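From first to last, the protein sequence lines stand for chains B and D.
Under the working numbering, the first residue of the first sequence carries the number 1, and numbering increases by one thereafter.
Under the working numbering, the first residue of the second sequence carries the number 282, and numbering increases by one thereafter.
C-beta atoms are modelled at their ideal positions from N, C-alpha and C, and glycine is treated no differently.
All values reported here derive from a predicted model rather than from experimental measurement.
Protein chains: 2
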Amino acid sequence: MTITRRTLASVGAAALAAPLLSRGLGAADIPATATSGGGAVAADPGHSMDAYPAHWLGKEKIAFLIYPGFTALDMVGPHYMLGSLMGASTYIVGKTQDPVVSDMGLTITPQASFATCPTDLDILFVPGGGAGTLAAMKDGATLNFIRDRGARAKIISSVCTGSLLLAAAGLLKGYNATSHWVARDLLKDFGAIPVNQRVVVDRNRITGAGVTAGLDFGLSLVAQLRDADYAMAMQLLAEYHPEPPYDSGTPERAGTQTTAMIADMFNSFVADVRTLAKSIQ
Amino acid sequence: MTITRRTLASVGAAALAAPLLSRGLGAADIPATATSGGGAVAADPGHSMDAYPAHWLGKEKIAFLIYPGFTALDMVGPHYMLGSLMGASTYIVGKTQDPVVSDMGLTITPQASFATCPTDLDILFVPGGGAGTLAAMKDGATLNFIRDRGARAKIISSVCTGSLLLAAAGLLKGYNATSHWVARDLLKDFGAIPVNQRVVVDRNRITGAGVTAGLDFGLSLVAQLRDADYAMAMQLLAEYHPEPPYDSGTPERAGTQTTAMIADMFNSFVADVRTLAKSIQ
Numbered sequence: 001m002t003i004t005r006r007t008l009a010s011v012g013a014a015a016l017a018a019p020l021l022s023r024g025l026g027a028a029d030i031p032a033t034a035t036s037g038g039g040a041v042a043a044d045p046g047h048s049m050d051a052y053p054a055h056w057l058g059k060e061k062i063a064f065l066i067y068p069g070f071t072a073l074d075m076v077g078p079h080y081m082l083g084s085l086m087g088a089s090t091y092i093v094g095k096t097q098d099p100v101v102s103d104m105g106l107t108i109t110p111q112a113s114f115a116t117c118p119t120d121l122d123i124l125f126v127p128g129g130g131a132g133t134l135a136a137m138k139d140g141a142t143l144n145f146i147r148d149r150g151a152r153a154k155i156i157s158s159v160c161t162g163s164l165l166l167a168a169a170g171l172l173k174g175y176n177a178t179s180h181w182v183a184r185d186l187l188k189d190f191g192a193i194p195v196n197q198r199v200v201v202d203r204n205r206i207t208g209a210g211v212t213a214g215l216d217f218g219l220s221l222v223a224q225l226r227d228a229d230y231a232m233a234m235q236l237l238a239e240y241h242p243e244p245p246y247d248s249g250t251p252e253r254a255g256t257q258t259t260a261m262i263a264d265m266f267n268s269f270v271a272d273v274r275t276l277a278k279s280i281q
Numbered sequence: 282m283t284i285t286r287r288t289l290a291s292v293g294a295a296a297l298a299a300p301l302l303s304r305g306l307g308a309a310d311i312p313a314t315a316t317s318g319g320g321a322v323a324a325d326p327g328h329s330m331d332a333y334p335a336h337w338l339g340k341e342k343i344a345f346l347i348y349p350g351f352t353a354l355d356m357v358g359p360h361y362m363l364g365s366l367m368g369a370s371t372y373i374v375g376k377t378q379d380p381v382v383s384d385m386g387l388t389i390t391p392q393a394s395f396a397t398c399p400t401d402l403d404i405l406f407v408p409g410g411g412a413g414t415l416a417a418m419k420d421g422a423t424l425n426f427i428r429d430r431g432a433r434a435k436i437i438s439s440v441c442t443g444s445l446l447l448a449a450a451g452l453l454k455g456y457n458a459t460s461h462w463v464a465r466d467l468l469k470d471f472g473a474i475p476v477n478q479r480v481v482v483d484r485n486r487i488t489g490a491g492v493t494a495g496l497d498f499g500l501s502l503v504a505q506l507r508d509a510d511y512a513m514a515m516q517l518l519a520e521y522h523p524e525p526p527y528d529s530g531t532p533e534r535a536g537t538q539t540t541a542m543i544a545d546m547f548n549s550f551v552a553d554v555r556t557l558a559k560s561i562q
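Next up, the structure:
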C-alpha cells in the first residue's frame, strides 16, 4: 500500500480541519515520464496546501539509475520511501528507455533515458548488483551519466554495490562510504574510505549497505528532506517493524561458516573489481 | 547483490571440496519466460550437485501475480528471497504479458499471462496495493485465476492487502490471516480470521503484514522450503540486519496521531472494500 492521488482524494474537507489528519504523503497514480509526489496534491481541488506544514512540500527531482543486472530490491525499497515525498518527482532512468532486466529477471521499463533525464537533479541514486554492476562500471556512457548528473546533484547516493559504480565514476574519492559487506573493502581501491555502518553520510554522499539497507537509507533520507514526523509516518505506512526470523544479517552475526559460503561466491567479482580499479588509476 | 549463475560459476572446484563452501543459492541470470534458480546450477559443469545437501535442491514453481496499481515492494521483497531457492522457477504473472504499472509508477513486464502460467503451482503469491487492489478484487478474470491456481497450489500466500484479493476469491474462509494494518479487520468481512502478527501461517495459507513484512515472510518461507541454514545465508546475502531510524512501524508504536493520519487516507478504500464484501456474499 502506498499513498496515491486517489487515497489523498479520500481525505475529505472535514479531515482537513484537523491539521494532523490533513497531512498527505502523495505520489501520483500513474506517470507519463515521471512520477510526481506533490504536484498532483497541489492540483487537487479537495486539498488546500495550506493544511500541510510548508516544509512538507518539496520539489526534488530524484533519478533512480537502472542498468542490466541491477538488483531490483536495492532500488525498489528507496523508491518506495522517496517516491512518497510530497512535491518530488521520481525518474527511473536507463541508458535508453528500452526495458532493463534485473539480475533476478525482473523487467522494468525506464521513464527516462540518459538523454532525457533532467540535467539538474536533487538526488542521484544508484542501486547495486553483481556481474551487471561490474559491466556498468566498465561502460563509458554509464560512468559519464553518473559523473555529469553527479557534478550538479545536491545528493549523490547508492545502496549495496551501487557505491562501487559511484566510486568508479570518481565520485567517492576521499569520502566515507559503505557498500554490501562483500564489497565494502573494495571502496579503498577507488580512493574511498569504507565504513562498517548501515547508512553512511559524508557531506552530500549518502551510501547504504547491502540490499535491504535501502529501507533504512530511504527513511533516513526522508527525515533529512522533510522531518522526523514525515519519516515516522512513512515507516508506519510501510509497516516497517522488522522481525527477521534469524539474527544473521551481518557477517558478525552470521558467523564465519555462513559468511565464507556467501563471500566465496563473489571471489571472482571481487577480483574483477580490483583489476578494474587498477586499470582506472 | 544476488546469487546468479555467474556468481555460482565463480565458486571453483577447490571450494566444492569443502561441503559448506560448495553450497549455492542460485538464480539464473536472465529468463526466457521464467527465472530458474536451480536448473541452471545443475547444468553448470563447474558444479556437482553432489556437493549440496540434497534437500537444498527443489523444483518449485512459484507465481507472483502482478496487476495495475500493485505495490512493487510487496512483491520484490518476497521475489528476492524466493527467487534464490535453488531449483525453483519463478514466474511474474499478469493478466496478459503487457507491461503492468505499479501504484508508484514502476512498469514491470510479466513473464507469463493467466493463460500461459503453469497450471500446477507450488506457490501462488499475491501482492497488495490500494485502489489497484480494489479494482483487481472486482475483476472476474483475476479472481478466476487466483481461484484456479489456488485450488491446486501447495501454498497460497500474500503480503499486505494481497490477502484481501485472496479473501475476495474465497480462499481465506475460516483461515487465520493478516494484511496491512489499515486493512486487517476487513478480512472478517470475507470470513477470514484477522491475526495481528507479522507473518501468519494457517495450514497452507501464509500471509504477511504490510509492505516490508514481505522480507520476513520471504525468509520464513525459505526456511520452510529448505532449512534454517539456507534462510540464514539468504538473510546475510540480503544484509538484513534492520536498523530503522525510528520505532514507528506499527500503530501501537507510532501512536494515535500518526496512525490516524495514515488511516484517514484509506477511509474510502476501507468503505469500498466493505461494500464489495457485502456484494460478494
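{"Check": "Contact list for the stretch 515-528 of chain D against chain B, Cβ threshold 7 Å", "Outcome": "Gln516, Leu517, Leu518, Ala519, Glu520, Tyr521, His522, Pro523, Glu524, Pro525, Pro526 and Tyr527"}
{"Check": "Cutoff 7 Å; reference Phe426(D); Cβ partners in own chain excluding five residues on either side", "Outcome": "Phe395"}
{"Check": "Residues near Ile262(B) by beta carbon distance below 6 Å, same chain, minus five either side", "Outcome": "none"}
{"Check": "Span separating the alpha-carbon of Asp528(D) from that of Leu354(D)", "Outcome": "20 Å"}
{"Check": "Candidates Tyr80(B), Ile66(B) and Ile123(B): closest to Pro110(B) by CA position", "Outcome": "Ile66(B)"}
{"Check": "Spatial neighbours of Ala483(D) in its chain, beta-carbon cut-off 6 Å, leaving aside the 5 residues before and after", "Outcome": "Checking the sequence shown, residue 483(D) turns out to be Asp, not Ala. Same-chain partners within the cutoff: Tyr456 and Asn457."}
{"Check": "Minimum Cβ-Cβ distance from Ala254(B) to chain D less than 9 Å", "Outcome": "yes"}
{"Check": "Range covered by the alpha helix (DSSP H) that runs through Gly129(B)", "Outcome": "Per DSSP, Gly129(B) belongs to no alpha helix (DSSP H) and is neither H nor E."}
{"Check": "The stretch 538-551 of chain D: positions lying closer than 8 Å to chain B by Cβ", "Outcome": "Gln538, Thr539, Thr540, Ala541, Met542, Ile543, Asp545, Met546, Phe547, Asn548, Ser549 and Phe550"}
{"Check": "Expected contact under 8 Å - CB spacing of Thr71(B) and Thr283(D) to nearest Å", "Outcome": "6 Å"}
{"Check": "Short-range partners of chain D found in the stretch 170-181 of chain B, where Cβ spacing is below 9 Å", "Outcome": "His180 and Trp181"}
{"Check": "Ala449(D) versus Arg555(D) - alpha carbon distance", "Outcome": "11 Å"}
{"Check": "Per-residue DSSP class, three states only, for Asn144(B)", "Outcome": "helix"}
{"Check": "Where the beta strand (DSSP E) through Gly170(B) begins and ends", "Outcome": "Element bounds for Gly170(B): n/a, residue is neither H nor E."}
{"Check": "For Asp483(D), the residue or residues it bridges with in DSSP", "Outcome": "Arg486(D)"}
{"Check": "Proximal residues to Ile474(D) (C-beta, below 6 Å), its chain only, five neighbours per side dropped", "Outcome": "Asn457"}
{"Check": "Meets three-Cβ-pair contact criterion under 8 Å: the stretch 507-517 of chain D and the stretch 218-233 of chain B", "Outcome": "no"}
{"Check": "Runs of beta strand (DSSP E) lying entirely within the stretch 361-394 of chain D, each at least 3 residues, in chain order", "Outcome": "370-375 and 388-390"}
{"Check": "Enclosing alpha helix (DSSP H) for Ala192(B) [first to last residue]", "Outcome": "First-last for Ala192(B): undefined, no H or E at that position."}
{"Check": "Per-residue DSSP class, three states only, for Val578(D)", "Outcome": "What the structure shows of chain D is the stretch from 282 to 562, and residue 578(D) is not part of that stretch, so it cannot be assessed."}
{"Check": "CB-CB length for Ile389(D) against Ile108(B), believed under 8 Å", "Outcome": "6 Å"}
{"Check": "Met356(D) vs Pro399(D) beta-carbon contact at 9 Å", "Outcome": "no"}
{"Check": "Nonlocal neighbours in the same chain, by C-beta distance under 8 Å from Val222(B), ignoring five residues either side", "Outcome": "Met81, Leu82, Ser84, Leu85, Tyr230, Ala231 and Met234"}
{"Check": "Cβ of Gly339(D) within 9 Å of any chain B Cβ", "Outcome": "no"}
{"Check": "Gln562(D) versus Thr493(D), Thr459(D) and Gly451(D), residue with shortest Cα-Cα distance", "Outcome": "Gly451(D)"}
{"Check": "Of the listed residues Gly150(B), Ser163(B), Phe64(B) and Leu172(B), nearest to Gly130(B) (C-alpha basis)", "Outcome": "Ser163(B)"}
{"Check": "Contact under 9 Å by Cβ, Ala417(D) with Gly350(D)", "Outcome": "yes"}
{"Check": "Beta-carbon separation (whole angstroms), Asp216(B) vs Glu524(D), contact threshold 8 Å", "Outcome": "5 Å"}
{"Check": "Sheet register partners of Ile347(D) (DSSP bridge)", "Outcome": "Answer by DSSP bridge pairing: none, since Ile347(D) is not bridged."}
{"Check": "Which of helix, strand or coil DSSP assigns to Ala458(D)", "Outcome": "strand"}
{"Check": "Burial state of Gly218(B), where buried means 16 or more other Cβ atoms lie within 10 Å", "Outcome": "buried"}
{"Check": "Coarse secondary structure for Ser529(D), derived from DSSP in three states", "Outcome": "coil"}
{"Check": "Boundaries (first-last residue) of the alpha helix (DSSP H) holding Val551(D)", "Outcome": "Asn548 to Ile561"}
{"Check": "Residue-level contact to chain D via CB, Tyr67(B), 9 Å cutoff", "Outcome": "no"}
{"Check": "Beta-ladder partner(s) of Leu124(B), from DSSP", "Outcome": "Ala63(B) and Ile156(B)"}
{"Check": "Min CB distance Ile92(B) to chain A below 9 Å", "Outcome": "No chain A is part of this structure, whose protein chains are labelled B and D."}
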